Amino acid sequence: MARPNAVFQVGHRPRLAPWVNHLEIDMGSKTRQRGRHELRKQAGEGRDPAAVLASLPIGTSDWKRVLDAIVKQHNSQHAKLYKVVSFKTMRDREYFYFSFFNELRTHTTFREADPRVLKQRHVQAVVARWLQRDMATASIHNYLSFLRTFAGWIGRPGLVREVAFYVGPDSPHVHRKQVAVEDRSWTAHGVDIEAKIAEVAAFDPWVGLQLEICYRFGARPKEARHFRPHGALIPRELAFERDAAAYPECEEFVRFAQGTKGGRPRDEPLQTEEQRELLTRLQSVVAKGWYVGEPGRTAAQNQDRFYNVLRRFGITRNALGVTAHGLRHQSANDGYEADTGAPSPVRGQHERPENDADARYRTAIRLGHSRLRSSTFYVGTMGKAGQADAPACAPEGAPVEQSS
């Protein structure tokens with residue numbers, strides 16, 4: 107039997123002799139700067155963030171401590187809904203806010219900007235720098251969204267305008283692409299999927315299994331690494347109603363509950379013998395209650411190993427032109443074609459099949475998207491470039507479309 111995945115910490119800080127002052131240790135400027143920030147955070151730990159903010163006057167040079175207190179107060183909150191956000195979102199927000207204000211104070215004329223008094227000209231100055239270094243459109247949209255959230259935290263909702271206000275109405279950055287214009291499937295790039303996965307599995311069986319989960323179930327790489335195969339197979343009557351309704355022909359489903367986007371679990375239909383065989387194989391090598399990964403490694407270590415192995419075998423955009431996420435595109439497009447009997451628009455289909463709407467609905471549900479038009483991210487659109495198709499009407503009993 108496989109040994110359970112032990113969770114342990116690595117890289118513990120060595121214990122110093124009592125006469126050694128850890129502040130004297132110098133491991134380079136970046137480490138020293140990061141250490142100073144950590145010391146500030148430690149100094150503020152245990153104190154009410156509101157008290158920290160009250161103790162620091164506007165314009166203080168200790169802006170990192172100010173920002174840290176603001177983040178501590180609000181970062182767990184969703185921007186619009188009454189719920190908490192994922193740890194990933196909290197981490198991404200915090201990293202961005204510190205990077206934003208560091209760039210603002212270091213590389214613009216606003217050297218004394220205080221996070222509590224964010225102004226329109228501050229945002230404009232940093233966005234101008236983003237454009238100078240040709241930042242990706244999606245990143246600009248995401249970062250401005252983070253800033254809108256932050257502005258709400260400091261009592262200035264509405265401060266951060268729409269993207270066009272900062273980049274110009276005719277800029278290509280105004281609209282990010284939400285429709286697939288290129289088939290990102292592995293087969294579209296001439297990659298033999300099963301042969302490549304077998305090649306990877308011969309080097310690292312665990313990474314091979316993770317890729318196979320991505321391929322057979324259209325799972326995200328993180329979902330594959332966190333997948334717990336024991337107890338994942340469930341009968342139709344226990345499956346989520348929305349997932350079961352989209353696949354009335356299926357009697358068994360496979361639950362993905364860990365590592366999913368937004369923490370939303372989903373039940374994928376068990377449709378092929380290849381899926382069943384993979385699930386059986388996973389249950390034979392993974393200890394009960396544990397995830398698909400090298401025993402003894404943490405989730406972070408398994409993630410690092412996963413991408414290191416992928417780079418070794420050329421599974422990158424720069425090498426073979428494909429990524430692990432491309433297997434999700436493969437599954438989406440193959441599923442659409444199986445449902446309609448015709449290739450997806452991104453694979454060259456120009457005439458809309460009669461059951462196009464149903465196929466898109468089933469694709470979105472199977473991949474775990476709460477927005478039904480999300481299928482266009484994978485299979486493309488029959489309309490104008492950049493115009494997303496959505497099911498004309500979802501099957502009876504389907505939920506109203508929600509934002510992700």
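Note that this note's numbering has the sequence shown beginning at 107, numbered continuously upward. Yeah, the Cβ is synthetic: ideal placement off N, Cα and C, and Gly gets one too. Predicted model only: the values in this text are computed from it and were never measured.
Annotation for LEU344: no beta strand (DSSP E) segment contains it, and DSSP assigns it neither H nor E. Excluding the 5 residues flanking it on each side, GLY441 has same chain C-beta neighbours closer than 6 Å at THR469, in chain order.
A straight-line Cα-Cα distance of about 7 Å links CYS356 and GLN377. Every alpha helix (DSSP H) stretch that sits fully inside the region 279-332 and reaches 4 residues is listed by chain position as 299-309, 311-323 and 327-332. Runs of the alpha helix (DSSP H) lying entirely within the region 220-246, each at least 4 residues long, are 226-238 in chain order.
Residues of the same chain with a CB within less than 7 Å of the CB of ILE471, apart from the 5 flanking positions on each side, are ARG348, ASP349 and ALA352 in chain order. In this structure, the CA atom of ASN439 is about 14 Å from the CA atom of MET488.
The residue from HIS279, ALA307, HIS184 and TYR201 with its alpha-carbon nearest to that of GLN238 is HIS279. DSSP links GLU374 through a beta bridge to VAL360. If you draw a straight line from the Cα of GLY402 to the Cα of SER390, it comes to about 18 Å. With respect to the 8 Å criterion, LEU173 and TYR203 are classified as neighbours on the basis of their beta carbons. As computed with DSSP, VAL190 is found in a beta bridge with GLN183.
Around the beta carbon of PHE252, a 10 Å sphere encloses 16 or more other beta carbons of the protein chains shown; the residue is thus reported as buried. For GLY441, the enclosing alpha helix (DSSP H) stretches over residues 432-446. Here LYS178 has PRO155 as same chain residues with Cβ atoms under 6 Å from its own Cβ, once five neighbours each way along the sequence are excluded. Annotated three-state conformation of ASP464 is helix, per DSSP.
Residue state for THR422 is assigned as coil, using DSSP reduced to three classes.
Taken atom to atom, the span from the alpha-carbon of ALA363 to that of LYS189 is near 19 Å. DSSP places HIS456 in the coil class of the three-state scheme, outside both helix and strand.
The Cβ neighbour count for PRO311, taken over all protein chains shown within 10 Å, is under 16; the residue is labelled exposed. If you look at VAL266, you'll find it isn't in any alpha helix (DSSP H); DSSP assigns it neither H nor E. The beta carbon of TYR249 is closer than 7 Å to those of PHE202 in its chain, skipping five residues each way along the sequence. Between THR214 and VAL233, the gap from beta carbon to beta carbon reaches 8 Å or more. Out of ASP220, ASP276 and ARG254, the CA that lies nearest to the CA of ARG267 is found in ARG254.
The straight-line gap separating the alpha-carbon atoms of ALA345 and LYS367 is approximately 19 Å.
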